[in-house]
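Have a look at the structure below before the remarks.
In full-length UniProt numbering, the protein residues as written are 1 to 158.
Printed below as a string of structure tokens:
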């Protein structure tokens, strides 16, 4: 019987603690409300969120994700990797653009008389090669077993 009385007394104490607990929870709850409502987050338009996620090669919406959650994911990504706002630049692509730009400027500035950095100097070539001479040399190709002469004739042609 005494065990039952002790158990009933313990339950009464628990009830008194529970009755006093809502006051403590109300104070703690107001602090939690202050934390959640401190500053309203700026919401971006959905199209902007989609554009930024695509520029980072991220999926627009994960399975079961709301628009607010995808925006929060975007903010986390921007905080983790602030450099990727414009996306990574391909070094090869930028080098190709520079070369193309140089070539275009060279064409615009340069004339036929000026030499560019891409011009090839063919020193040692004979300028007196005429069509008749080329035809005469072409007839000599393959007549004898002298491959060096054939190579010289072809080289002279080019």
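Note that the Cβ used here is the ideal one computed from N, Cα and C, for glycine as well.
Could you check whether residue j and residue i sit closer than 7 Å to each other, using their CB atoms as the reference points?
i          : j          : result
residue 77 : residue 49 : no
So the candidates are the options; which of them puts its Cα closest to the Cα of residue i?
i           : options               : result
residue 155 : 137, 90, 47 and 59    : 137
residue 158 : 100, 61 and 131       : 131
residue 56  : 79, 42, 63 and 43     : 79
residue 133 : 143, 144, 153 and 146 : 153
residue 44  : 14, 71, 9 and 20      : 71
Within a Cβ cutoff of 7 Å, which residues of the same chain sit near residue i, ignoring the five residues on either side of it in sequence?
i          : result
residue 93 : none
residue 17 : none
residue 4  : none
Within the same chain, show all residues whose beta-carbon is closer than 8 Å to that of residue i, passing over the 5 residues directly before and after it, in chain order.
i           : result
residue 54  : 60
residue 149 : 140
residue 38  : Because residue 38 carries a pLDDT of 43, less than 50, the predicted location of this residue cannot be relied on, and no value is offered for it.
residue 151 : none
Could you round the C-beta distance between residue i and residue j to whole angstroms and report it? I think they count as a contact, below 8 Å.
i          : j          : result
residue 46 : residue 67 : 6 Å
Who are the Cβ neighbours of residue i in its own chain at under 6 Å, not counting the five residues just before and after it?
i          : result
residue 81 : none
Is the Cβ of residue i closer than 7 Å to any Cβ of chain D?
i          : result
residue 80 : Included in the structure is just one protein chain, with no chain D present.
Segments assigned alpha helix (DSSP H), at least 4 residues, entirely inside the region 48-102 | 67-80
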